[in-house]
Each structure stands twice: as C-alpha cells, then as structure tokens.
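Some notes on the structure that comes next.
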Amino acid sequence: MLNTGYKMINIKIKKGEKFNNIVPEKLKDKIIATRINDKLYDLYDEAPEDGEAELIDIYSAEGEKILLHSAAHLLANAVTDIYKNALPNTSNEDENTFYYDFKMDPVSIEDFPIIEKKMEEIAKNNIKIEKIILSKEEILKIFKNNKYKIDKINDNLKDNMESSVYKQGDYMEFCRGPHVPSTGYIKAFKLLSVSSTNYEGDINKEKMIRIYGTAFPDKKLLNSFLAKREEAMKRDHRRIGAEMDLFMFDNERAPGMPFYTPNGAIIRNELINYMKEINKSHGWEEVWTAHVFKDIIWKQSGHYDKYKNDMFLFELQNGDHYGLKPMNCPGHITIFQRNAYSYRDMPVKYSEPGTVYRYEKSGEMGGLTRPRGFTIDDGHGFVRPDQVLEETISLLKMVPEIFRTILGTEEISYDLSVIDKDHPENYLVSYICNNCSTKFEMRAVSKELKCPNCGSFDLKVDFSMWDNATDSLREALKTLNLKYTEYPGEAAFYGPKIDIHIKDALGRLWQLSTIQLDFFMPINFDLSYIDRDDKKVRPIIIHRAIYGSYERFIAILLEHFNGKLPTWLSPLQTYVIPVSDNYNDYASNINKILTENNIRSKADLSGETLSKKIKLIRKMRPSYIIVVGEKEQNANTISVRNRKDKMEIFEINKFIDYIKKEIENHKIDQIF
RNA sequence: GCCAUCGUAGCUCAGUAGGUAGAGUGGCUGAUUCGUAAUCAGCAGGUCGGGGGUUCAAUUCCCCCCGGUGGCUCCA
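Residue numbers in the first sequence follow my numbering, run continuously in steps of one, and reach 674 at the last position.
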C-alpha cells in the first residue's frame, strides 16, 4: 500500500544505544519504529546488539500497520475514558482498518463523534507511549478488573515471565508492540462502523461490541481512502441491480430467492451461453437434472447426515420424504450410473447450470452473494486416476480464458489445498490391515478404526491415492507455469482441491473457481468402470465450477464494471433517441435496423426532452446512446454516445458492422 | 441461529413531544417540438412491515413475529 515517498533507510547502531538517537532530525516525524534482524523495536528501545537498524517509515506498509495498532489503542483509551465500565478485550488490524472489541453497553455510529472527539483530544496532547517491562504478577495486578485481559495474560505468559505493557497517560495496555512514539503521530483517523462479536469468536461466549476504524499518516491519504470506500458502497451490486432493473427479492413470499427480471435474465443467459460454448469445446457434455429428489439419495450421498438442517426437506401426504437438491453431484452421478463403463469410455464429463437450494440461516443471507437458491456452473468429471492430470490441465486453461474474456482480469491466484498427513483421521484415506491384508477406505474421525474383515486394529495408513492425485494437481499447476500456494490441512475430507481467486477492479480478491477431487462419492454410490485387466476400478470425481455461482458472479461483474457491462453482456446495447417528434420515424427505423441485426435496442419516442431522456436512461447503463435529428436524417447517419460519454458520428451500416464484431468477440472495450 | 440497527407512496427520504401523514422522483393526462445529465401544469398513489398490548385515541410507547442491513458463527 501507501509507499508515498518512502525509501528504506538503514543506519548503523551500537549495542545499548537508543534507536531514537540515530533517527535523523528531519525524519523524526516520519520514523516510528525500527527493525534489526527481522525484529521490530520501539524508538525508545535500546539496540540489543551492534548492527544495521532499518528505520520504519510511517508511510510504509509496516508503518501503517503499527499506526493502525496504535490507533486501536487510542480508540480503547477514548472509550474507557468516556464509558467507565467498558472493558477492552483485544484489537486487530487489516490492510487499512483496525477494530477493537469491548465488553460494554451497545454504542451506535451516532456515538462516534463523541468518541472521535476524545481520540482527537488525546492525540492532540501528544502523550508519550512508553513501554514498561513488568513481571506477570505485576501485569495481572494492573489488569485485575478486566477478566479478558487476565485471560490473555495467562494465555501468553508463563509464571515468573516478564512482558511489556504500554502506557499512554493513565491508559495501560498489555501488548507486545511496537507503537508510534506518542499519540501525536496518529494524525488522521476515523471510526467506520460498529458490530457485535462473541468473545474469542465462540458463539457460546458473551457478546462484545466491535468498533471498526481506520488511520493514516496524513489527512490526504485518509480522505482518499474514505472516497474509495464511498465509491465501493456506490458500486454495491444491490444498488446497481436496482438501478438497472436486473433482479429482485420478494422477502415475504420467497426470502433469499433471487428473481431475475427481463434485463437480469439477459445477462444470466449470456453468461450461461458463453459457458456452454466453453464447456462444449472442452468436452463437457450438458445434462439436466431434477430439482427434487427422494431423500434416500441425500442419505446415500451423505449430505443428509451432515447438512439436513440446512436443506429444504418435506413430506408428502402419502408419507414420502423429499428434498430439494443442495448439490448437483448426486444428480450427475445418477445419470452416470445408467451405463456400465469401460476404461476406454473415461472420462465422462457432465456439466449443467444447476440450481441448488440451501437453507441459509436468516442472518447469513445477503443480496446475490449469499442467497438460498442459486445456480452453479457445475460440472462433474468421472475420471480414471491417470486422467486427473490431463483434466486438471484442461480446466486450468479454461479458467484464465474465461476471466480474461469477461473481466479483463490478469490477476489470478491459485491455492492448492492438500492433506495434513499428521491427522489422517480427518480424511477419507485407505488402510491396509497388517493381519489379513484387507484394504479399505475410511474416515476415522468419529469411528473406531479397525479392519472390517478380521477386526484387527493393526492397520497401516495408505496415502497412495491421495499422493498420486495431489501430485497430479501439482504437476498440472507446474506444467502451466502457474504460481500457487500450498495449504496443508485445507483439503476437503474427501480429496485435495485447487481454489482460484480473481482480483476485481476495486482490488478485492474473490474466490470463484474451484477444482475438487473426490474419492468419497464414488464409494458412496459404488461407481466403477472396467479396467484393461477386467477388474472393477473406482473412478475419481472432479467437481468443478468456474464462475462459482451465477448469482455471485453477476454481483461481482456488476461491481467490477460499476454496471457498465461489456456490450455483449449489456441488457440494453443501443438506445435510440430522436431530437424531437419530427424524427420519430427516422429513430424507429434506426431501431428497427439494429433490432433486425440482433442488437438489443430500444427507441424512446416519448414526449420528454432529449436531455431528460438521456438523464433517465443513464442509470440503465446502455452501451450506446444514439441521437438522431435533422442532420443525421439528411446524411443518413447516427450520432453515437458511448459509455464514457464520448460522441462520434457513424454511418449506420458501419456502426452495425463494428458493434456486431464487438458483441461476437466478447470485447470489453467499445468501438471508440 | 446470536448481537446491533432499520422497515412511512413503485423508488429516495421527511414527519408526528400519541389526535390515522408529506416532499422529490417515477406513473397517468394535457400543453410544449425541443441537439446530448431534469420544459411546464394538473391528477392518482400509503389500514406508516405483520400481530398483540397500554390508551378516549397508536404510524408514534411496550411486547412478540416477519424481513432488510452491518458483524459473529456457518458456507457441502
């Protein structure tokens, strides 16, 4: 972040010398901490050894973090000053924000001005922030009235240990630091929001008030952050969706279920059609599966056991039990099971824009990003173990192709989640009985681990299925030269996976695509194919989604483009406005020609003025506004205004040529 | 599900210290014939989220429910 005028400065220091002494006078108001051998120190600290001290600039990323941390303390200082019975718990920093949790009576943003005023006062007084080293017992004494701090002290310090506490005026904090040298360094800050949380994130523990804020080295940076935040809020897909009339919710009749209006359905269908093309060219055959199943299938798949509280389940008059599908895989498996397969038939790859229903708890829903019914661009590949590599490579090629086309994004990151071999009990793995040599698969987390054949407990874990599959994923990533990060222990219990994140125009990272290997469903549904040597073999299932869900992807799309979608996705591609009624015929005719060329066009022949028509249609974000009057009629041309409000005159046929190419090629940029 | 907060016209919002509501915008009608972000006038629209309580009287105060929003937890 930041880095405005920040250069790394190293200065030699002798053991025992105070860091403060080596900071050049002219940098005093920018340098807030130092670092030697990767350890951060306060400026009031003494060097622990001879060496080169790196001066930490408040404008550096490191400095910003320290500033945020000190600002959090400033907040706690102010809160405890104002609300005498407020007990500070703990704080944390994110990239540009901090929060502090308190046990206190609820506050609202209306109380912020009072708290901010107090913070300003403390900052203005430029109170020294000093570190004091004390024994655990002394620290416990200081915080004797705050049980949260006592927990924290006991968690972090062994008996007879010493630690630091920070003191600014009367306010004390149990903290490792480092901090800015005095409160005056916290020059530009603002409280942002308030919410609630549970102590230690445990839902069973008491409620706390969490106050969010931000801080920057100067007002200018603060204001630009606030402006960006404001802009991001304006880009909220719910707001854009309402302005463009794309989708709606009826909270009385179908809470959490998105309805697509005609405009929204256009976008959704364009995305679906594009995915169909891509699926087709990569060998994924489209299928269609039912939305309602008898609950036996969910019992067989294991979803019932694990997720029955989150499923839409119901009973008919005749006593039959049904459930709406929470996932598409059992449906695809059902289709797969209609045949017997040879190793030559593999892989079998089914895809579907599959709508699933999950009963999200009321507080967990939110716009299109977390609805109760949503459609996944789902795909299930039934593959031989030796085909995992090839299929993964194919998928890893699809993903960037799609996101570059639609979003124009280059920033894509890959996470590989693998097994934690120290805890085989958390995963579905193979075991071999040392007594009778039986091989079986089991997830041992809550079950007793013994041989199903002879009952022996003398078992050997066999990771070979996991190892081979994981190696294939790794090799696929390496083959394509993709940088990735590996996360041991993050794999699903049924197999390793690759998650793919995309950065949007606002710099936010979204997890969209996922490629998951599954050893579990093939066992549950007893899937098999016949191998070369006439033996039954279990296929591996690859679950994959590229967009993730259409709902969430549309939300991201809208925010990424601020609603100004590429023309091929735009519900309204051209909007024709006559200068006055006298040119209605010409405008209608232009509109007709455009429509005949499969361009989504409308003409506005209402009695409003030209300016007003433009004003009103803007929120709809048409790709091109076409204005025609006497000049155009005489010259047989159109005046075209693009999404950036630039204007150009076109001969109608030329314009149609251009826009058709723009649409066909899924261009992000407009023709001018 | 938990905590906080909100729910008034299609939309954005005002208001009533308890006496059943108002603006802008959109809609409709008419006038205006217009050159790139609001031409003028008139009209219609609301059991103030739902239910219960207190009161002579509730949109307003209290309780319960349903939803939205920001978080927590969860997210196959």
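Backbone N, C-alpha and C define an ideal beta-carbon position, used for all residues, glycine too.
Cβ-Cβ distances below 8 angstroms link residue 456 to 435, 437, 438 and 440 in the same chain, with the five nearest sequence neighbours on each side left out; the list follows chain order. Nearest in C-alpha terms to residue 166, of all of 140, 54, 317 and 16, is 140. Going by DSSP, residue 664 is part of the alpha helix (DSSP H) stretching over 654-666. Counting along the chain, the unbroken beta strand (DSSP E) around residue 355 starts and ends at 350-359. Secondary structure of residue 465 (DSSP, three-state): coil. The residues 376, 377 and 378, in chain order, have a CB closer than 7 angstroms to that of residue 551 in the same chain once the five nearest residues on each side in sequence are set aside. The shortest CA-to-CA distance from residue 183 to any of 611, 410 and 22 is the one to 22. Taking all protein chains in view, the Cβ of residue 181 is crowded by 16 or more other Cβ atoms within 10 Å, so the residue is classified as buried. The three-state reading of DSSP puts residue 588 in helix, counting H, G and I together. Cβ-Cβ separation between residue 334 and residue 291: approximately 7 angstroms, consistent with a contact (criterion under 8 angstroms). Counting along the chain, residue 23 sits inside the alpha helix (DSSP H) bounded by residues 21-24. Contact fails between the region 563-572 and the region 537-546, because fewer than three Cβ pairs, one in each stretch, are under 8 angstroms apart. Per DSSP, residue 293 is not a residue of any alpha helix (DSSP H), being assigned neither H nor E. Shown here for residue 453: same chain residues with a beta carbon closer than 6 angstroms to its own, the five before and five after excluded, namely 435 and 440 in chain order. For residue 643, the enclosing beta strand (DSSP E) has its first and last residue at 639-643. Within the DSSP bridge table, the entry for residue 418 names 488 and 500 as partners. Within the region 25-90, the beta strand (DSSP E) runs of at least 3 residues that lie entirely inside it are, in chain order, 33-38, 41-44 and 53-59. Rounded to the nearest angstrom, the gap between the Cα atoms of residue 247 and residue 591 is 26 angstroms. Annotation: the continuous alpha helix (DSSP H) that includes residue 613 extends over 612-620. Per the coordinates, the alpha-carbon of residue 477 lies some 33 angstroms from the alpha-carbon of residue 451.
In the DSSP annotation of this structure, the continuous segment of the beta strand (DSSP E) that includes residue 385 starts and ends at 375-385.
Boundaries cannot be given for residue 624, as no alpha helix (DSSP H) includes it and DSSP labels it neither H nor E. In the DSSP assignment, residue 316 forms a beta bridge with 324. A distance of 8 angstroms or more separates the beta carbons of residue 171 and residue 73. Taking residue 346 as reference, the option from 229, 384, 68 and 398 with the minimal CA-CA separation is 384.
With a cut-off of 8 angstroms on Cβ pairs, the region 99-106 is in contact with the region 64-81, counting three or more such pairs. With contact defined as three or more Cβ pairs closer than 8 angstroms, the region 620-634 and the region 588-603 are in contact.
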